[in-house]
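Residue numbers (the numbering used here), protein chains in the order written: chain A, 2 to 391; chain B, 3 to 310; chain C, 38 to 339.
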Amino acid sequence: MPIFDQGYQHWSGELTGHGWRWLAITRHGVRIGMKNRLLRIALLIAWLPAVVLAFFLCVWGLLEQKSDLVQPLVPFLMSMIGPEIVNDPKAYRVEVWTLAYDYFLLTELRFSMLVILLVGPGLISRDLRFNALPLYFSRPLRRIDYFLGKLGVVVVFLGLVLVVPSVIAYVLGLLFSLDLTILRDTFSLLLACVGYGAVVSVSAGLLILALSSLSRNSRYVGLFWLAVWFVSSMVGTVLAAVNEERRMHHQYMRAVEAEQQAARAAQPPQPVQPAKVAGGPKQRAPAAQVDHRRIWADIQREQREAAKTDWRPLFSYTTNVSRVGRHWLGADASWEKLAETVPAEERDRYLMDNMGPQYPWYWSAIVLAVLVGLSVCVLNFRVKSLDRLK
Amino acid sequence: MKPVVEFHEVSKWYGNVIGINKLSIRIPAGVTGLLGPNGAGKSTLLQLATGQLYPSQGRVRVLGREVWNHPGLNRFIGLCPEQDAFYEWMTGWDFVYTCARLGGLNRSAARDAAARTLDAVGMTPNMNRAIRGYSKGMRQRTKLAQALVHDPEVLFLDEPFTGTDPVARRELMDIIRRLGGEGKSVLVSSHVLHEVHTLTPNIILLNRGRLIAEGHVRQIRDLIDKHPHHIVLVCDDYRKLAGHLLTWDDVEGVRVQARDKAIVVETHAPDAFYGRLPELAAAGKFDVKEVYSDDDNLEAVFKYLVSK
Amino acid sequence: MKLVSEEVAATPERTAPRPRPAGGLNLTSLAALYVLTVRQHLHGRRWMVLAALFLLPAGLSILIRATAPEVPAIGIEFMIAFFLIPQTLLPLVALVYASGIIQDEQEEQTLTYLLVRPISRWALYLVKLLATLTTTIVLTAVFTILTYATIYIGHDVSAGDVTRRCLTAVGIHALSVGAYCCLFGLIGLYTRRALIAGILYSAVIEGLLANLPFGLRLITVIYYARVAAYRSMDFTFTDRRGTHDMAAAAWQLDVRNDPGLTEHPTLQSCVLILVVASLGCAIIGALMCHRREFHVKTPEGS
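Right, here's the structure in full:
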C-alpha cells in the first residue's frame with residue numbers, strides 16, 4: 002500500500018531472553034549515577050591511590066633492573082622499608098607487591114564506602130517513594146532481574162574504584178619490570194584483587210540495597226549506611242582498645258611480679274640490723290631490679306598470640322571485609338617474611354603494628370555471609386511482586 | 003468592585019524559564035475558573051497568590067494586601083494544592099484538626115471546625131482512618147477540608163478534580179458552588195473544561211505564562227472574530243435547507259453531516275442568525291428538529307485561543 | 038481599607054468563631070507546629086532505629102563488663118560516654134533529625150500546608166528547630182542515663198558521684214547535640230546534599246581537626262565539649278602501674294606543661310561558646326528561611 006498507517010504499530014520481533022534484562026536497569030542506574038557531580042569527583046579522587054600504587058610498582062620494577070632513574074629514591078626507600086629489602090628487590094618482589102596492594106585496597110575500601118553512600122541509598126528507596134515498582138513489574142521483568150540490575154549499578158561503580166585501577170596498576174608494574182617471571186610470581190595478586198572486588202561488591206551491594214528497601218527517604222538510608230560503616234568501626238575499636246589495655250595491664254603486672262619474685266629468690270638473705278635508736282626506721286631489703294625491656298618483649302609476644310583469637314574486631318564491617326581480602330592476598334605471610342629483616346626483639350612489635358587483626362579469616366567470611374543472607378531476606382520481603390504491591 | 007486578587011505587571015522567572023510573563027489581572031469576588039494547557043503558569047499564579055513564591059517583578063495583592071511574607075493574611079486564604087501529599091500516618095480528622103490548630107484556632111474551636119468541615123465534604127464516615135488508606139476522591143475531599151477548616155474568605159483550588167470519579171467530582175462541584183453562593187471568592191484551576199464551565203462562566207485563560215483572555219465565556223467568544231460560530235441544525239430535508247441558508251448574507255458557509263441528517267452553519271453574526279431562525283420555522287418550508295451550537299462554550303474558546 | 042469585598046459582607050453570619058487577626062506569631066499556631074514536628078520525629082520506625090542505635094553504648098558497656106570485668110568503670114565511661122557517643126552517635130542523630138527540618142517537608146510536598154498558615158517563615162523554622170532540639174536532647178539524656186546505669190550498677194561507687202557525673206555528661210551531650218542540630222539545620226537549608234556536607238563536616242572537621250593540638254580545633258563543637266568535660270569531671274584512675282589521665286592523653290591536652298589548662302577556655306566559656314554558636318546558626322537559618330522561596334515540586338513545574 003502506498004499510504005502507511007501512522008498510528009501505533011505492534012512489535013513483531015523477538016524479545017531478548019531474561020538473561021540480559023537486568024542490564025537495562027544497570028545501564029540506566031549507571032547513567033543516572035554519572036550525572037552526579039559529587040560522584041564523579043569522588044571517583045576521580047578514588048583513582049589517586051591507584052596512581053600512587055602504579056608509581057610504586059613502576060619504581061620497584063626499575064629498582065629490580067637497577068635503573069639509574071630510581072637511584073635518588075633509594076635512600077628514602079631504605080629508610081622506609083630497610084636496606085636489606087631494597088638491596089635485593091627481586092627476592093622480596095612478591096612481598097612488596099602484596100603489601101602495596103594491601104595498602105591500596107585498604108584505602109580503596111574507604112573510598113568504596115563513600116561511593117556506595119553516594120550511589121546506593123536511592124537505588125530502591127526512590128522507586129518506593131515514587132511508586133515505580135509497578136512500572137518495573139508490569140513489564141516482563143522478574144524480581145531477580147530487578148535485584149540484579151540494581152546490584153549491577155553498585156558492582157559497576159565499585160569495579161571502577163577497586164578492580165579497574167588494580168588491573169591498570171598491575172599492567173603498568175609489569176611493563177616497567179621487563180621480567181616475565183613477575184607474571185608467574187604475582188598473577189595471584191590480580192586474581193585476589195578481582196575476588197576482593199567481588200566480595201566487597203556483593204556484600205556491600207546487597208547490604209545497601211537491603212537498607213535502601215527499608216525506607217522511602219534516601220537520606221535516612223544514607224545515614225543507616227553511615228551507621229553500618231562508622232558506628233560498627235567505632236564499636237570494634239572501643240572493644241579492641243579496652244581489651245588490649247586490660248590484657249596489657251594484666252600481662253605487665255604478672256610479669257613484674259614474676260620478675261620481682263624471681264629476683265628476690267635469687268638474692269641471698271640480708272641480715273636485719275637492729276635499729277641504733279629505739280623507734281628509728283627499720284631497714285628494708287633492697288628492691289628487686291625489673292628488666293622492663295624483656296617484660297615488654299614478652300608482652301608483645303603474648304599480645305600476638307592473643308590476637309589470633311580476639312573476636313572483637315568482628316564488630317566492624319570494614320574490618321571483616323579487609324580481613325578476607327588480606328587473607329586472599331597473602332598479606333600476613335608477606336609481613337612475616339619482611340619481619341625477618343627486623344631485629345628479633347623488635348619483631349613482635351613490628352608484626353603487631355603492621356599485621357592488623359589476626360583471628361581466622363573465615364570468622365569474617367561467616368559474618369559477611371550472615372549479612373548477605375539477612376540482606377537477601379530483607380530484599381525479598383520488602384520488594385514485592387506486582388500482585389502483592391499495595 | 004474591589005478585586006479580591008490583584009496581579010499588577012507580575013513576572014516570575016525560574017532561572018531562564020519564565021513562568022508568568024507580565025501578568026496584570028484583577029479577579030473579582032465569586033467563582034472564577036483558571037484555565038490553560040500544561041505549562042501555562044496556573045500553578046505558578048496560585049503559588050504567587052498564596053504567598054509561596056515571590057514575584058520577580060510586579061506586585062501581587064490579595065484582599066488589598068501584598069501577600070509575600072504576610073502570614074496574617076493566610077488567615078483569610080485557603081489553598082487546596084495540586085500535589086497529592088499528606089502526613090500519611092495521620093487520620094483524616096487528625097490532619098484537618100492539626101491544620102485548624104495551625105490556622106490559629108483553639109482546641110475546642112478546631113475540633114468543631116474539623117468535624118463541621120469534614121461533614122461538609124462528606125468525609126465523616128472515613129475520618130478516623132489513616133490517610134494512607136484513602137481513595138483518590140477521599141484524599142481530594144480531605145485536601146479541600148483543610149483548605150476550608152479555618153473559614154477563609156478566599157479559596158484557591160489547584161486542580162481539585164484530578165483523579166476523582168464522576169460521583170466525587172459532582173459532589174466537589176456542588177461544594178464549590180455552595181461556597182460561591184455563601185459569598186466566598188473561589189479561584190478554581192482545572193484542565194477539565196466542561197466542569198469549570200458548569201461551575202462558572204467567568205474565566206481566566208493563560209498560555210505560556212501570558213494572560214490570553216479574562217471575563218465571561220460568551221463575551222470572549224464573541225470577541226474572537228477570527229473564527230466563525232458553528233451552529234448545527236437537524237432536519238430531514240437538510241440539503242434543501244442548506245441551499246436555502248446559503249442565500250442568507252450572514253452565512254459564511256454550510257457543511258453537510260449526512261450521517262446525522264444535519265448541517266453545520268458558519269456565521270460571524272450568530273445573534274442575527276438566531277433572530278431569523280423563527281421566521282424560517284414559521285414559514286413551514288423546513289421541519290427543523292434541533293438547533294444547537296457546541297461552539298459557544300469554553301472548549302471552543304480554549305481551542306481557538308490556545309492554538310493561535 | 039476594607040479587607041472583605043462588599044458582596045461577601047452581605048453573607049449570612051458565620052458559624053465558626055473567627056481567629057483574632059494577628060501577624061505570624063500566634064502562639065496557638067506555633068504550639069500546634071511544635072507538637073506536629075515532635076509527632077513527626079517520633080512516629081514510625083525512625084525513632085525506633087535511633088533508639089536501637091542509642092542502646093548500643095549501653096549494650097557495649099554490658100558486653101565489656103561481661104568479658105572484661107576488671108576494667109575500671111571510669112575507663113568504660115570514658116570510652117563509651119566521651120568517645121563513642123560524642124564522636125559518632127550525637128552527630129548522627131543530629132544529621133537524621135536536623136538536616137531535614139525543612140527539606141523533608143519540601144520533598145514530601147507537605148511544606149505547602151505550613152506556608153499557607155498564619156505563621157511567619159522565620160518562626161516556622163525556629164519552632165521546628167526547637168521541636169527537633171527537644172526530641173534529640175530528650176533522646177540523648179535518656180540514653181546517656183541508661184548508659185551510665187549499665188556502666189556503674191554493681192560497682193562500689195557512691196550514688197552521688199555517679200549521679201553528678203551522669204548529669205554533667207547529659208549536660209555536655211545536650212549542648213553538643215544542640216549545637217550539631219542548629220548547624221546541620223542551617224546546612225540543610227543551604228544545600229540539598231546536607232547528608233554529604235554533614236558527613237564531611239563530622240569526619241574532616243570534627244574527626245580530624247579536633248585532634249590537632251593547635252588552633253584549628255577551636256572551630257569544632259567537640260573541642261569545647263571535651264574541654265568542658267575535662268574541667269568539670271575527673272578522668273584519672275590509679276592502678277599499680279601508676280596514675281593515668283585518660284582524657285589528657287586522648288584529647289591532646291598538654292597538662293604536663295599547662296596543668297591549669299590556662300591556654301584553653303574555661304567551663305563557662307565553653308558553654309557560652311556552644312550556646313552562642315547554636316543561637317547564631319539558628320538565627321541565620323531563620324533569616325534564610327524568611328527570605329527564601331521553597332519550590333515544592335508539582336508535575337507541571339518541578
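Glycine included, every Cβ here is placed at the ideal spot set by N, Cα and C. Quantities reported herein were computed from a predicted structural model and do not represent experimental measurements.
Review point. So, using beta-carbon positions, are Leu330(A) and Ala193(A) closer together than 8 Å?
Key: yes
Exercise for review: Look at Val190(B) and Val33(B) and say whether their C-beta atoms are less than 8 Å apart.
Suggested key: yes
Exercise for review: At 8 Å on the CB atoms, spell out the chain C contacts of Tyr56(B), in chain order.
Suggested key: Glu330
Review point. Taking Cβ to Cβ, would you say Ser45(B) is nearer than 8 Å to Ser13(B)?
Key: no
Practice item. Sort Val6(B), Glu11(B), Val19(B) and Glu8(B) by Cα distance to Arg210(B) and report the nearest one. Key: Val19(B)
Exercise for review: Please classify Leu142(A): does DSSP put it in a helix, a strand, or coil?
Suggested key: coil
Exercise for review: Closer than 9 Å by beta-carbon distance: list the chain A residues that pair up with Leu176(C), in chain order.
Suggested key: Those within 9 Å of Leu176(C) in chain A number zero; the least Cβ separation is about 15 Å.
Exercise for review: Report the rounded CA-to-CA distance for Tyr267(C) versus Leu204(C), giving the unit in angstroms.
Suggested key: 14 Å
Exercise for review: Label Trp61(A) either buried or exposed according to how many other C-beta atoms from any shown protein chain fall within 10 Å of its C-beta, with 16 as the threshold for buried.
Suggested key: buried
Point to revise | Where Asn355(A) falls: helix, strand or coil (DSSP) | key: helix
**Study point:** Same chain only: Cβ atoms within 7 Å of Met140(B), ignoring 5 sequence neighbours per side
**Key:** Met125 and Asn128
Practice item. Would you identify the three-state DSSP class for Asp276(C), choosing helix, strand or coil? Key: strand
Point to revise | Contact check, His301(C) vs Val264(C), beta carbons under 8 Å | key: yes
**Study point:** Under 8 Å between C-beta atoms of Ala314(C) and Leu163(C)
**Key:** no
Review point. If you draw a straight line from the alpha carbon of Ile296(A) to that of Lys91(A), how long is it in whole angstroms?
Key: 37 Å
Point to revise | Sequence-distant residues of its chain with Cβ nearer than 7 Å to Ser126(A) (five each side left out) | key: Ser213, Ser216, Arg217, Asn218, Ser219 and Val222
Check your understanding: On the premise that Leu223(C) lies in contact with Thr177(C), defined as a C-beta separation below 8 Å, what is that separation, rounded to the nearest angstrom?
Key -> So it is not a contact: roughly 20 Å between Cβ atoms.
Review point. Near Leu150(B), what residues of its chain come up, given a Cβ to Cβ distance below 8 Å and the 5 sequence neighbours on each side ignored?
Key: Gly80, Thr119, Ala122, Val123, Leu157 and Leu181
Check your understanding: In the structure shown, what three-state DSSP assignment does Ser13(B) receive?
Key -> strand
Review point. Does any C-beta atom of chain C lie closer than 8 Å to the C-beta of Val368(A)?
Key: no
Check your understanding: Do you know whose CA, among Leu183(C), His281(C), Gly317(C) and Asp141(C), lies nearest Gln77(C)'s CA?
Key -> Asp141(C)
**Study point:** Cβ neighbour criterion (16 or more within 10 Å) applied to Lys165(C)
**Key:** buried
Check your understanding: From the beta carbon of Gln143(C), is the nearest beta carbon of chain A less than 8 Å away?
Key -> no
Practice item. May I have a chain-ordered list of the alpha helix (DSSP H) segments no shorter than 4 residues that lie completely inside the segment 213-238 of chain B? Key: 219-225
Review point. Does the Cβ of Val172(A) have 16 or more other Cβ atoms within 10 Å, making it buried, or fewer, making it exposed?
Key: exposed
Review point. With 16 other CB atoms within 10 Å as the buried threshold, where does Trp12(A) fall?
Key: exposed
Check your understanding: Between Ile29(B) and Glu254(B), what straight-line distance do the alpha-carbon atoms span, to the nearest angstrom?
Key -> 36 Å
Exercise for review: Could you check the C-alpha separation between Ala55(A) and Asp89(A) for me, to the nearest Å?
Suggested key: 20 Å
Exercise for review: Within the same chain, show all residues whose beta-carbon is closer than 7 Å to that of Leu107(A), passing over the 5 residues directly before and after it, in chain order.
Suggested key: Ser323
Review point. In or out: Lys277(A) buried (at least 16 other Cβ within 10 Å) or exposed?
Key: Note that Lys277(A) scores a pLDDT of 49, beneath 50, so its modelled location is shaky; the value from the coordinates is reported in the next line. The residue is exposed, with fewer than 16 neighbouring Cβ atoms inside 10 Å.
**Study point:** Amino acids of chain C, ordered along the chain, whose beta-carbon sits closer than 7 Å to that of Met35(A)
**Key:** None at all; the shortest Cβ gap to chain C is about 17 Å.
Review point. Three or more beta-carbon pairs under 8 Å between the segment 273-292 of chain C and the segment 106-114 of chain C, yes or no?
Key: yes
**Study point:** Euclidean distance between Cα positions of Arg257(B) and Lys242(B)
**Key:** 13 Å
Check your understanding: For the segment 148-167 of chain A against the segment 186-204 of chain A, are there 3 or more C-beta pairs whose distance is under 8 Å?
Key -> yes
Review point. Residues bridged to Asp282(C) by DSSP?
Key: Thr273(C)
**Study point:** Any 3 or more C-beta pairs closer than 8 Å across the segment 343-359 of chain A and the segment 299-318 of chain A
**Key:** yes
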